[in-house]
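Here's the structure, in structure tokens; my notes come after.
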Amino acid sequence: MAVRARWTMSQNGAIMAPMNSIPKVATVRALDRLNLRLPQDTLEAIDNARGRRIGNVSRNTWITEAIQEKLNRESAKVNNQNGEI
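To convert a position in the sequence shown, counted from 1, into my numbering, add 327.
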């Protein structure tokens, strides 16, 4: 069964495409991008920590590792509260 699109005209005369009646399902991709705003002093602290590591570690890698460490700690905390080992 084919669905015919109905174009509409707004009050200002613009032609508008029809809204999709089927909502998009949120999907998680392997890697997603986001914008992150951090104060300059936080960026400087990150850069100092990166500089103390062996090799060249990007800000992205350092922040990703920091987030993973935090998630691991939170998960361990929840497991400890639930009596799991």
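Glycine included, each C-beta is placed from N, C-alpha and C at the ideal position.
Supposed close pair Arg386, Arg377 - CB separation, criterion 8 Å: Confirmed, about 7 Å.
Straight-line gap, Leu398 to Gln408 (C-alpha atoms, nearest Å): Roughly 15 Å between the two C-alpha positions.
Collapsed DSSP secondary structure at Arg380 in the structure displayed: Arg380 falls in the coil class under three-state DSSP.
Cα-Cα separation between Val384 and Thr391, rounded to whole angstroms: Between Val384 and Thr391, the alpha-carbon positions lie close to 11 Å from each other.
Helix, strand or coil at Ser385 [DSSP, three-state]: When secondary structure is reduced to three states using DSSP, Ser385 falls in the coil class, being assigned neither helix nor strand.
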